[in-house]
C-alpha cells in the first residue's frame, strides 16, 4: 500500500466530518486521495477516493435515509470506515482490503430503490474520480482502466466538464495542426 | 516483414486512437469518417488494442453497444482497416508498443516513482505510426486525449502540468526523450474541419463548423474554446 499515513489521516478526518455532517469537507478529503492515486495508481488509494466521494454524495440525500435498508447499510458503511482506520493503524493491508470489500458487499445485499440509487452513486463516483485522474495528466485510456470505467463514459464526462480547457495542453499552433490534416488530404 | 506497396493509394495513412473514433461515434457523425476516407488516397488504420477498446469491449455494454456497432460498421466496410492490410503483423506492433510503454512510463519521475502515463491503446498507435514511418509511409495520428499529445509535442508543458497537479517536483528521464520526436497528431476537431472545408458536411448552416467543433470538444476531444475560435477564423 502506498501513502499509508496519508490515507489514515484522510479516513480519520472523514469520520470526524461525518459526525459533523460536513459533506463539503468529506468531498475535499476524497479529492486529496485523488492526488495520491494519480501519482501512484495504487488500487487502495483509488478505492478510498471512490468510497469517500460516494459517502459525501450519499449523505447529501435525505430521501435515501427514509428508504428500507438504509439503517443497516449506513451502519455497515461506518463500521467499515472504523475497520479501515484500525487496519491502517495496524499496517494490516489485508484487513484494509476486507473492510473496503464489506462496503461493496453491503451494496450487493441491498434491494429495491436504495440499491439502484447507491449503485448509481458509486458508478458516478468512479467516473468522477476517473475524470479527476485524467485531469491530473494521466492518459484517458490508462485512467479508464484504473477505475474500470468505459472510455465512452469517461470521454463524455471529461468533455462536458467546464474546466476542461487547460492552457498547457496547447502544444502547437492551431494553424500548424490544421495544416497537418489538410496536407494529408491533398 | 517487407511491405508490398501497390501504387499511390497505400503510401499514406491516418492512425486512429480510440478517443477520436469515440468523438465521431457519440456525435452520430461516423458518416464523416466514411466521406473523408472517400477522398483520402491512403488507409485509415486502427490497431488491435484500439479495436478492443472501441468495438469488442463496448459491444458487451448495452449503454454503448450502438456506438460500438457504428465503429464496427466502418471496419466491416473497410473504411477503417487493420495494419495487416499493409502487411504489418500484430506481433511487430506489440514489440514496439511495449518499447514505447516502457519509455513513456519511465519518462517522468515524481517522488522517486515513475509516473505511468500511457496505456497500451495509445502506445500501440504511436508504435504503428513509428513502424509506418520506418517503412516510409507518410502518416499522422488522430488522438483526442491530451496526455499522448503533450508527451510527443511539448513534454515541458506536461512536466509543468504534472508538477502543478500532483504537487511534486518532476524529473525527466532524458534517455527517453528522443524517441518521442517526429510524430504528427491531429484530433477529431481537425478532421471535422477538413470535412467541412472539403464540402463533406450535409448540413447547410453558417454555424455548422462551430457546432461540429464544439460537439467534438464535448465528447472528449482535448481542444480549448480558444483554439476552436481560432480555427473558425482560419481561411
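Chains as they are written, first to last, in this note's numbering: chain A, -14 to 171; chain B, 12 to 246.
We put the beta carbon where it would ideally sit given N, CA and C, even for glycine.
With respect to the 8 Å criterion, residue 202 of chain B and residue 166 of chain A are classified as neighbours on the basis of their beta carbons.
Under the DSSP assignment, residue 121 of chain B falls in the beta strand (DSSP E) whose first and last residues are 119 to 121. Neighbourhood of residue 151 of chain A in chain B, by CB distance below 8 Å: 157, 172, 233, 235, in chain order.
For a cut-off of 8 Å, the C-beta gap from residue 23 of chain A to residue 177 of chain B is around 6 Å, short enough to register as a contact. Nearest to residue 41 of chain B by C-alpha distance, out of B/65, B/137, B/106, B/244, is B/65. Neighbours of residue 145 of chain A across chain B, judged by C-beta separation under 8 Å: 229. Relative to the Cα of residue 70 of chain A, the nearest Cα in the group A/39, A/-3, A/150, A/161 belongs to A/-3. Residue ranges of uninterrupted alpha helix (DSSP H) with 4 or more members, entirely inside the segment 131 to 169 of chain B and ordered along the chain, are 131 to 145, 157 to 164. Within a 10 Å sphere around the beta-carbon of residue 152 of chain A sit fewer than 16 other beta-carbons, which makes this residue exposed. Sequence-distant Cβ neighbours of residue 92 of chain A in its own chain, meaning closer than 8 Å and more than five residues away, are 58, 100, 103, 104, 107. With distances taken between CA atoms, residue 22 of chain B lies nearest to B/51 out of B/235, B/196, B/234, B/51. Scanning B/193, B/187, B/70, B/242 for the CA closest to the CA of residue 224 of chain B turns up B/242. At a cut-off of 8 Å, the C-beta of residue 169 of chain A has a neighbouring C-beta in chain B.
Residue pairing by DSSP places residue 55 of chain B opposite B/25, B/91 in a beta bridge. The beta carbon of residue 52 of chain A lies closer than 8 Å to those of 97, 98, 99, 102 in the same chain, with the five residues before and after it left out. Ranked by how close their Cα comes to the Cα of residue 131 of chain A, the residues B/157, B/130, B/164 have B/130 in first place. Every alpha helix (DSSP H) of 4 residues or more that sits fully in the segment 78 to 144 of chain A is shown, in chain order, as 78 to 94, 97 to 120, 125 to 132. Counting other Cβ atoms within 10 Å of its Cβ, residue 40 of chain A reaches 16 or more and is therefore classed as buried. In this structure the segment 66 to 80 of chain A does not lie against the segment 8 to 27 of chain A, because fewer than three pairs of beta carbons, one per stretch, are closer than 8 Å. About 5 Å separates the Cβ atoms of residue 119 of chain B and residue 181 of chain B, confirming a contact at the 8 Å cut-off. Contact with chain B is absent for residue 112 of chain A, since none of that chain's Cβ atoms lies less than 8 Å from the residue's Cβ. Judged by their CB atoms, residue 135 of chain B and residue 158 of chain B are not nearer to each other than the 8 Å cut-off.
One finds 33, 37, 69, 75, 78 in chain B with Cβ atoms closer than 7 Å to the Cβ of residue 137 of chain A, taken in chain order. In terms of beta-carbon proximity, residue -8 of chain A stays away from the interface with chain B, with every pair separated by 8 Å or more. The beta carbon of residue 6 of chain A sits closer than 8 Å to those of 44, all from its chain and outside the five residues before and after it, given in chain order. A distance below 8 Å between beta-carbons, with the five flanking residues on each side excluded, links residue 104 of chain B to the following residues of its chain, in chain order: 58, 59, 94, 135, 138, 139, 142.
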